[in-house]
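Counting in our numbering, the sequence shown tops out at residue 412, every number present. Idealized CB from N, CA, C, for every residue including glycine. Owing to the predicted nature of the structure, the values given are computational and were not obtained by experimental measurement. Please read the structure below before turning to the comments.
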Amino acid sequence: MARVLIVGAGLTGSLCAALLRREASSPLRLTVWDKAGDSGGRMTTASSPHNPQSTVDLGAQYITCTPHYAKTHQSFYDELLAGGILKPLISPIDGMVTKEGDCNFVAPHGVSSIINHYLKQSGADICFRQRVTQINLRDNKWEVSRETGSSEQFDIVVLTMPAPQILQLRGDITNLISECQRQQLESVSYSSRYALGLFYEAGTKIDVPWAGRYITSNPCIRFISIDNKKRNIESSEIGPSLVIHTTVPFGVTHLEHSTEDVQELIFKQLENIVPGLPQPVATKCQKWRHSQVTNAAANSLGQMTLHLQPLLVCGGDGFTQSNFDGCITSALCVLEALKKHI
Ligand SMILES: Cc1cc2nc3c(=O)[nH]c(=O)nc-3n(C[C@H](O)[C@H](O)[C@H](O)COP(=O)(O)OP(=O)(O)OC[C@H]3O[C@@H](n4cnc5c(N)ncnc54)[C@H](O)[C@@H]3O)c2cc1C
């Protein structure tokens, strides 16, 4: 049975796994490795250490479906809406720019529930805390090594991490990437920002008329959301949660600072925007070094095939655009590239 490794348990990786399971004409053994401790990637949902039911989306906030993708990706939207994984966004987001015909959705159980839905469908073996460091060719297979030093062999490998992390991999892969592909990967650029999640005790009232708000007049804070209100799951038993996204200039300036220092700075600015907030019971500060793609790989057609026999393919929003539909497009292109081999 052919062994397929997907590196990355974000939206692109989980979708690739689910689509491969659906479309493969012969039995496959699917494995997903991620360096993180949980699924989601940049669609992560963090839980309060005091109450796992109190959650906050630290990366992607809501999904905007344009009339074009409502048609071309209709089956994906229909499936997630039918399963209650996506629901229409009905809470007010101040300063949100909406174009005519667009629909916005939230994931009531947190945005990572989308990824978990696809991972479950895929039936893949999923292993966390597995950072891939090297990819070598051995006997016409890929020998993939982890930070721990151990390695395993696969017939097909799909890489879905941000382009700079693909370029950090060592081993034979460094010689297999053509000069033109290297330039294309190097040209993919990302914004950087921080996200701060705040968890409050049950019963805490946050008295603002919005569920989310874009801020245009603060050097540090770009977006705030009362996350449980945004997802329309307010409850008297579960404390509210708040997420703050910094501006990109602030993120870039403070990229190498400690998260403790950055958290302090965000707190100070937050007091100017929402004065008198109570003390949270827990906090989670997340650095997004590779936040959203600002420049995608040119002429990449949604994926990049680094090697044909055995097959080594890269996908992700770096080859399309940084949102839900960008990841679907890329996963479909990866599937197309793999079809002849599965
Ligand atoms: C702050 C922020 C806000 C956003 N807002 C929105 C929004 O509102 N709506 C929207 O649609 N999109 C939004 N996005 C963009 C969206 O989150 C991304 O486009 C999408 O999540 C990308 O998914 P991906 O699977 O391609 O990559 P990722 O989610 O980055 O997944 C890649 C995975 O690879 C893993 N990995 C990396 N290197 C290695 C390694 N060496 N070994 C093993 N594993 C590795 C990572 O841990 C990660 O889990 C936002 C993103 C951010 C950061």
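So does the stretch 321-338 actually touch the stretch 258-266, counting three or more Cβ pairs closer than 8 Å? yes
Would you decide whether Q131 is buried or exposed? Buried here means 16 or more other CB atoms lie within 10 Å of its CB. buried
Does the separation of the CB atoms of R240 and K105 fall below 7 Å? no
Give a single yes or no on whether D164 has its beta carbon closer than 6 Å to a heavy atom of ligand 1. no
Let me know if G80 comes out buried or exposed under the rule of 16 or more other beta-carbons within 10 Å of its beta-carbon. buried
Complete runs of the beta strand (DSSP E) confined to the stretch 223-271 [at least 3 residues]: 226-229, 263-269
If you count every other CB in all the chains shown that lies within 10 Å of the CB of F146, and 16 or more means buried, which is it? buried
Given a cut-off of 7 Å on the beta-carbon distance, is the pair A116 and K357 in contact? no
Beta-bridge partners of E213, as assigned by DSSP: N206, Q223
Please work out which residues of its chain come closer than 6 Å, Cβ to Cβ, to P348, disregarding the five sequence neighbours upstream and downstream, and give them in chain order. T274
Helix, strand or coil for H315, going by three-state DSSP, please let me know. strand
Hey, would you say the C-beta of I398 is under 6 Å away from at least one heavy atom of ligand 1? no
Please indicate yes or no: does the CB of A233 lie closer than 6 Å to some heavy atom of ligand 1? no
For the alpha helix (DSSP H) that F198 lies in, which residues bound it at each end? It is not in any alpha helix (DSSP H) - F198 carries neither H nor E in the DSSP assignment.
Using the rule of at least 16 other Cβ atoms within 10 Å of the residue's Cβ for burial, across every protein chain shown, is N393 buried or exposed? buried
Inter-residue Cα distance where the pair is N245 and L382: 13 Å
What are the partner residues of R283, as DSSP defines its beta bridges? D164, I294
Is T142 near S259, with beta carbons less than 7 Å apart? no
Quick one: any contact between the stretch 285-292 and the stretch 308-326, if contact means 3 or more CB pairs under 8 Å? yes
S262 and V322 - do their beta-carbons sit closer together than 7 Å? yes
Residues near L371 by beta carbon distance below 7 Å, same chain, minus five either side: C403
Quick check: what's the CA-CA separation for D127 versus V214? 31 Å
Which runs of the beta strand (DSSP E) at least 3 residues long sit entirely within the stretch 124-198? Give them in chain order. 125-127, 133-135, 173-176, 195-197
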